[in-house]
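Working notes, structure below.
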């Protein structure tokens, strides 16, 4: 008598139905994960709730990002590249002066949806201050590269680009921290205009 047919073995790597949603669409998965991190912050970030919110399995998220730190690093990179693609698009690049570009950038960053990235930044800085050799240094170096490139596009003197980029990055982030903390838009905008005046006169 023939014995019962054996059931096929179930592979531990079998992808469930939810995982198929992002199986071949990693950019969409990263974009969705970025929105989650921007909305929820990183202090209590855990991969399981992220996976649940995205409608995929925890195993699928692990396959793509491995760890929480790896996910945060990719989210930071996605924020930077997305900023460059959207903000430095054709309509922004038509502005005729560095001052006009600075104002366009500032107005964009003051939108509530964009301000979420500063909340992530401030969380990471707090962690980095207590963690030696924390990779949060890229939060400065990566953005300095972007700013210096734009300064070069407006023929900013090469010998001043590095310190100007450093000053500008510090001013924008500091003013955004003030704005988010106090909501005093008029005062912070006046301070930003003083920054623009100082930079354009010191060129």
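In UniProt numbering, the protein residues as written are 1 to 203.
Every residue gets a Cβ at the ideal spot worked out from N, C-alpha and C, and that includes glycine.
Computed from a predicted structure; not experimentally measured.
Asked	Found
Same chain only: Cβ atoms within 6 Å of residue 99, ignoring 5 sequence neighbours per side	196, 200
Residue 42 (DSSP reduced to helix, strand or coil)	coil
With 16 other Cβ atoms within 10 Å as the buried cut-off, status of residue 198	exposed
For residue 142, three-class secondary structure by DSSP	helix
Nearest candidate by alpha-carbon position, reference residue 28, set 44, 75, 59	75
Among 131, 47, 146, nearest to residue 70 - alpha-carbon criterion	47
Backbone CA spacing between residue 145 and residue 51 [nearest angstrom]	33 Å
Under 7 Å between C-beta atoms of residue 126 and residue 147	no
Straight-line Cα distance separating residue 162 from residue 151	9 Å
Range of the contiguous alpha helix (DSSP H) that encloses residue 157	Note, residue 157: premise wrong, no alpha helix (DSSP H); not H, not E.
Whole alpha helix (DSSP H) elements within the stretch 52–92, 4-residue minimum	58–65, 68–87
Residue 26 burial status per 10 Å Cβ neighbour count (16 or more: buried)	exposed
Cβ distance (whole Å) where residue 32 is taken to contact residue 54 below 8 Å	5 Å
Residue 188 and residue 175 closer than 7 Å at C-beta	yes
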